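Under the numbering used here, the first residue of the sequence shown is numbered 102, with each subsequent residue one higher.
Quick reminder that beta carbons are idealized off the backbone N, C-alpha and C, glycines included.
Just so it is clear, the structure is predicted and the values come from calculations on it, not from any experiment.
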Amino acid sequence: MNKAGRANARVVRACCIALLYWFGAGAAPALAAYDVGGGFALSHDSNITAGSSVPPNCLNPPCADWTEQLFGGLGYEEHNAELNARLVTQAQIRHFAHDTYQDDRGYFLDGAAVWMILPQQFSWFFQDTFQEVMVNLQVPDTPANRARTNSLSTGPEFTFRVSPADSPVIGDRYGRFYIANNPGSNERNTIYARWLHKISALSTLSLNFEATRIHFDSTSTASYTDLSRQDSFFRFDRLSRYSQNTFDFGNSRLQPYGGQELKGRLVRYLGQWWPTPESALRITLVDQVSDAYSDMIRSVINPVTLTSVQADAPALPVSVAGAAAGDIYHSRRGELASLNRGVLFGYSLQAWVRRVDYLNSTAAGLDYTEKAGKFSLSWFLSVEAQVYALAQYTDRTFSSGEQDIDRSASVGMLYKLGRSLTLSVDAGQTERQSNVQAPYVDRHIMLVLGYSTGPLFTPRPQR
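The following block contains the structure:
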């Protein structure tokens, strides 16, 4: 590992230790809730390499293999007058019985905290996401096409109340985006200023200015190592008991050092509705210049947790363009998501279209248009047993002319063996059709035995 990689690894370890210490010891543990758990997963894939050859143990694909995974983790949550915090972290070991891939270790962390040092005046924000993402979207999703990434954002925010309706806000964020063994890692510093005007008890209008300096490491494929960015936009936000609507309108200016200035519009809309305690609806529209860091840290418009159907929230992820180029790209996206969880049945539906155009000329051919949908259906047989079905479709067309169509479907059952133990089985099929790459079909089955002390940690593999 190079010096930059070691430095990023130290940052990740320091953040994990700080989170665990802060959440576990420094913020009134009597008011906090946490759950721990772990488990074992055994799975079989009929075509684990997705048709590709991985020497020396897969010379004649398709190649089948058994995978064993041992995992353990922690879920933490706290909400009081001084601290709002949540944390889910997990570590796991994976073993391939036929040595198709090297045995490895994986880590997952998703944490966020707001420490209100002086209520309504001075706060400190922290958010960190450590996970694995696909490196190249044109290559099937296999262990060889995954990379560890970490997105960190932290900094202070000061609020000054000049009148009952007006509040200037200034803040600073330090951010770091790390991709293991791949180009595109970078660090950034953002200074922002906002003027918030409260129109009513439910509505706020604000003028926002954000200035960011981004420094890419020496391994980046970009033709520049430094980039400055300025975002100016108006924001209208309305929050009620049953809905939230946020609309941003403005522009972005980017100045690569040694390159030509780039300008682009900034339009974002997030609408969320909770018509009943069991259902939620979300609409997202985005037209802006973005990057993998911003998408992963979810700093564009921080989504409100769909608390009424929190168990199904993983069915509605924030999409990321991919880590193949940790560079800047123009992103246009529209998304519709719906959740419902009744007494006997529940479902989640997500559909989206997206256009990604990289600004880096060396990423030519990686630009793509994506149309996708995902649907899940759950049947709650009893308090102990649940049956579910999942289906997903993705049609991705690249500027190079390549078109990849991915389909996946699975069915499964989750059964509670007791208060803390769960047993689940999942079987399904994944297939790809392409006008450039060879098609493939992979049939899989997975058995998971999990243990958890409570709902804050869900025992399941994170990769």
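Taking the beta strand (DSSP E) that residue i belongs to, which residues open and close that run?
i           : result
residue 251 : 247-260
residue 335 : 327-340
residue 180 : 166-180
residue 138 : 134-146
residue 289 : 287-299
residue 313 : 304-317
residue 359 : Segment: none, residue 359 is in no beta strand (DSSP E) and carries neither H nor E.
residue 433 : 429-442
residue 83  : The requested residue 83 is not part of the displayed model; the chain covers only 102 to 564.
residue 446 : 446-459
residue 212 : 205-219
residue 363 : 363-377
residue 518 : Neither: residue 518 is in no beta strand (DSSP E) and is coded neither H nor E.
residue 387 : 380-392
residue 224 : 223-235
residue 264 : Premise fails: residue 264 is in no beta strand (DSSP E) and is neither H nor E.
residue 553 : 541-553
residue 469 : 469-481
Could you check which residue in the options has the C-alpha nearest to that of residue i?
i           : options               : result
residue 211 : 295, 186 and 455      : 186
residue 199 : 173, 166, 386 and 192 : 166
residue 326 : 285, 496, 377 and 349 : 285
residue 361 : 347, 452, 460 and 497 : 460
residue 317 : 307, 309, 308 and 329 : 329
residue 218 : 231, 236, 249 and 260 : 260
residue 193 : 151, 258 and 143      : 143
residue 373 : 451, 263, 521 and 340 : 340
residue 492 : 197, 452 and 468      : 452
residue 255 : 370, 230, 494 and 270 : 230
residue 500 : 477, 526, 471 and 512 : 471
residue 539 : 504, 521, 519 and 381 : 504
residue 272 : 264, 295, 282 and 241 : 295
residue 385 : 170, 345, 238 and 377 : 345
residue 529 : 511, 541 and 515      : 511
residue 299 : 336, 312, 274 and 313 : 336
residue 136 : 179, 160, 517 and 366 : 179
residue 238 : 134, 467 and 152      : 467
residue 548 : 513, 366, 433 and 554 : 513
residue 507 : 356, 517, 241 and 353 : 241
residue 315 : 356, 350 and 352      : 356
residue 369 : 379, 443 and 350      : 350
Would you call residue i buried or exposed, if buried means 16 or more other Cβ atoms sit within 10 Å of its Cβ?
i           : result
residue 446 : exposed
residue 486 : exposed
residue 563 : buried
residue 209 : buried
residue 248 : buried
residue 203 : exposed
residue 174 : buried
residue 234 : buried
residue 387 : buried
residue 222 : exposed
residue 377 : exposed
residue 525 : buried
residue 302 : exposed
residue 268 : buried
residue 266 : exposed
residue 497 : buried
residue 220 : exposed
residue 520 : exposed
residue 537 : exposed
residue 342 : exposed
residue 410 : Confidence in residue 410 is poor, its pLDDT being 33 and thus under 50, which makes the residue's placement unreliable; the coordinate value appears in the next sentence. Buried is the call here.
residue 263 : exposed
residue 545 : buried
residue 188 : buried
Can you round the beta-carbon distance between residue i and residue j to whole angstroms, since I take them to be within the 8 Å contact cut?
i           : j           : result
residue 216 : residue 183 : 7 Å
residue 206 : residue 168 : Actually they do not touch by this definition, with Cβ atoms about 14 Å apart.
residue 560 : residue 138 : 5 Å
residue 310 : residue 333 : 5 Å
residue 280 : residue 250 : 5 Å
residue 338 : residue 305 : 5 Å
Determine, using beta carbons only, whether residue i and residue j come nearer to each other than 8 Å.
i           : j           : result
residue 358 : residue 278 : no
residue 172 : residue 550 : no
residue 227 : residue 245 : no
residue 435 : residue 457 : no
residue 430 : residue 483 : no
residue 288 : residue 276 : yes
residue 176 : residue 558 : yes
residue 450 : residue 476 : yes
residue 522 : residue 552 : yes
residue 147 : residue 162 : no
residue 473 : residue 448 : no
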